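> Every position in the sequence shown, counted from 1, becomes a number in the working numbering once 236 is added.
Think of the CB as a built atom: it goes at the ideal place given N, C-alpha and C, for glycine as much as any other residue.
This structure is a prediction, so every number in the text was calculated from the model and none was measured.
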Amino acid sequence: MISTDAFSQHASVRYQPDENPPAALAFGLGLQLAILCISGIVLTPAIIVRAAGGSEAFLSWSVFAAVAVSGISTMLQAVRVGRVGAGYVLAMGTSGAFIAICVTAIAEGGPAMLATLVVVSSFFQFALSARLSLFRRILTPTVAGTVIMLIPVTVMPIIFGFLKNVPDGVPVLAAPMSALATLLSIIFIALKATGVLRLWAPVIGVVVGSLVAGFYGLYDIERVAAASWVGFPAGEWPGLDLSFGPVFWTLLPAFVFVTLVGAIETIGDSIAIQRVSWRQPRAADFRAVQGTVAADGMGNLLSGLLGTVPNTTYSTSVAVAELTGVGARRVGVALGLVFVVLAFVP
Numbered sequence: 237m238i239s240t241d242a243f244s245q246h247a248s249v250r251y252q253p254d255e256n257p258p259a260a261l262a263f264g265l266g267l268q269l270a271i272l273c274i275s276g277i278v279l280t281p282a283i284i285v286r287a288a289g290g291s292e293a294f295l296s297w298s299v300f301a302a303v304a305v306s307g308i309s310t311m312l313q314a315v316r317v318g319r320v321g322a323g324y325v326l327a328m329g330t331s332g333a334f335i336a337i338c339v340t341a342i343a344e345g346g347p348a349m350l351a352t353l354v355v356v357s358s359f360f361q362f363a364l365s366a367r368l369s370l371f372r373r374i375l376t377p378t379v380a381g382t383v384i385m386l387i388p389v390t391v392m393p394i395i396f397g398f399l400k401n402v403p404d405g406v407p408v409l410a411a412p413m414s415a416l417a418t419l420l421s422i423i424f425i426a427l428k429a430t431g432v433l434r435l436w437a438p439v440i441g442v443v444v445g446s447l448v449a450g451f452y453g454l455y456d457i458e459r460v461a462a463a464s465w466v467g468f469p470a471g472e473w474p475g476l477d478l479s480f481g482p483v484f485w486t487l488l489p490a491f492v493f494v495t496l497v498g499a500i501e502t503i504g505d506s507i508a509i510q511r512v513s514w515r516q517p518r519a520a521d522f523r524a525v526q527g528t529v530a531a532d533g534m535g536n537l538l539s540g541l542l543g544t545v546p547n548t549t550y551s552t553s554v555a556v557a558e559l560t561g562v563g564a565r566r567v568g569v570a571l572g573l574v575f576v577v578l579a580f581v582p
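Structure, rendered in structure tokens:
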């Protein structure tokens, strides 16, 4: 029997995926989701390029491409083209799981090497979507979960390295204090807040940390003021490195492994969004799960072709759909369009 809680949960669904909410509601939720997700999408390539010693031009291009691809792949997840896409509201964005290996790829082979590795590893994700049941026996949730939990360990040395990088004339403690303020704000809200406010914990944490950073003079206000409101990035497409040298073959196994592990997380998001999007409880649609993984692979393929970091699904969209009761595909399309527009706002 299905519990009363399960019935009440599904009865709260206002718009199912195949229903059309008012355009204003769809756009409003899409905009809120974009605000919740955009910081993570931008921060990941920024951390990677800075840590690898990349140029300002490549950083600008990488962020632009990452946000644009996030928008395209988010819309693809919502509308489902053939066997590609979930048919549900699933926000796509850059994957923090790739930070360490992307830093190594850029440092050892340059942006073009990163692009090639992302493109090649995306084909393994397409293979995973076609043979999903086979790979799930190998990469079980326990294995994938353990790897995902250990990934931050590889990222922490990179993050700690940034704490020492402060402009001349700025106190040494400026960066650590800003990071501490961000961390404490996120932890406090995540532990004490309830409902929708918990979803805003990362955004509020970034705002608090930014205020502390501004107090210490870590921001270059002149660069912000000089930036165009709308336009293309100053950087250029890095191209692809088709030499397939030792660096490529050394890093390819790591890229493939993290790609497949990240796909297991994507599978979990696909199943979760299905559970909260319908009024009547139903079994998970295996074809929708395959489509989710395939769209994730398409997003990674586009990321590589455009020379930016890989992407993945964000579980934030699952929480928002559950809290608002709106699982309509229109929200996913609106979210994707907002991402694409934001890509052209330097």
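Roughly how many angstroms lie between the CA atoms of aspartate 611 and alanine 287, to the nearest whole one?
The question about residue 611 has no answer here: the residues shown for the chain are numbered 237 through 582.
> Rounded to whole angstroms, what's the CA-CA distance from alanine 499 to valine 529? Just pull it up for me.
About 6 Å.
> Drop a sphere of 10 angstroms on the beta-carbon of methionine 237, count the other beta-carbons inside from all chains shown, and report buried for 16 or more, exposed for fewer.
At methionine 237 the pLDDT is 40, less than 50, meaning the model places this residue with poor confidence; the figure from the coordinates comes in the next sentence. The residue in question, methionine 237, is exposed, as its Cβ has fewer than 16 Cβ neighbours within 10 Å.
> So the beta strand (DSSP E) tyrosine 550 belongs to, where does it begin and stop?
Run containing tyrosine 550: 547-550, per the beta strand (DSSP E) assignment.
> Tell me the rounded alpha-carbon separation between serine 248 and leucine 269.
Between serine 248 and leucine 269, the C-alpha separation is close to 20 Å.
> CA-CA distance, alanine 524 and alanine 322?
Going from the Cα of alanine 524 to the Cα of alanine 322 covers about 5 Å.
> For alanine 327, which of helix, strand or coil comes out of DSSP?
DSSP places alanine 327 in strand when its eight states are reduced to three.
> Taking C-alpha atoms, which residue in Ala449, Ile423, Val439 lies nearest to leucine 409?
When each option's Cα is compared against that of leucine 409, the closest is Ala449.
> Return the Cβ separation of phenylalanine 491 and serine 357 in integer angstroms, given the expectation that the two are a contact with Cβ distance under 8 Å.
Contact flag correct, Cβ pair sits at about 4 Å.
> For the region 473-491 against the region 337-354, do three or more pairs of beta-carbon atoms, one drawn from each stretch, fall closer than 8 Å, so that the two count as touching?
Flag = yes, the region 473-491 and the region 337-354 touch.
> Is valine 315 helix, strand or coil when you go by DSSP?
The answer is helix: DSSP assigns valine 315 an H, G or I state.
> For isoleucine 423, does the count of other Cβ atoms within 10 angstroms reach 16, so buried, or fall short, so exposed?
So isoleucine 423 counts as exposed.
> Among Leu353, Asn401, Ile283, whose alpha-carbon lies nearest the alpha-carbon of leucine 542?
Per the Cα distances, Leu353.
> In angstroms with no decimal places, state the Cα-to-Cα distance between phenylalanine 396 and alanine 415.
C-alpha separation (whole angstroms): 10 Å.
> Pick helix, strand or coil for tyrosine 452, following the three-state DSSP scheme.
Note: tyrosine 452 maps to helix in three-state DSSP.
> For the 8 Å Cβ check, are there 3 or more pairs between the region 568-575 and the region 313-332?
The region 568-575 vs the region 313-332: in contact.
> Kindly list the residues whose CB is nearer than 6 Å to the CB of glycine 276, restricted to its own chain and excluding five residues on each side of it in sequence; keep chain order.
Cβ neighbours of glycine 276 beyond the five flanking positions: Gly329.
> Just how far apart, CA to CA, sit phenylalanine 243 and glycine 332?
Confidence in phenylalanine 243 is poor, its pLDDT being 43 and thus under 50, which makes the residue's placement unreliable; the coordinate value appears in the next sentence. Their backbone Cα atoms lie some 35 Å apart in a straight line.
> Within a Cβ cutoff of 7 Å, which residues of the same chain sit near glutamine 510, ignoring the five residues on either side of it in sequence?
If we look at glutamine 510 and ignore the five residues flanking it on each side, its Cβ neighbours are Tyr324, Ala520, Asp521, Ala524.
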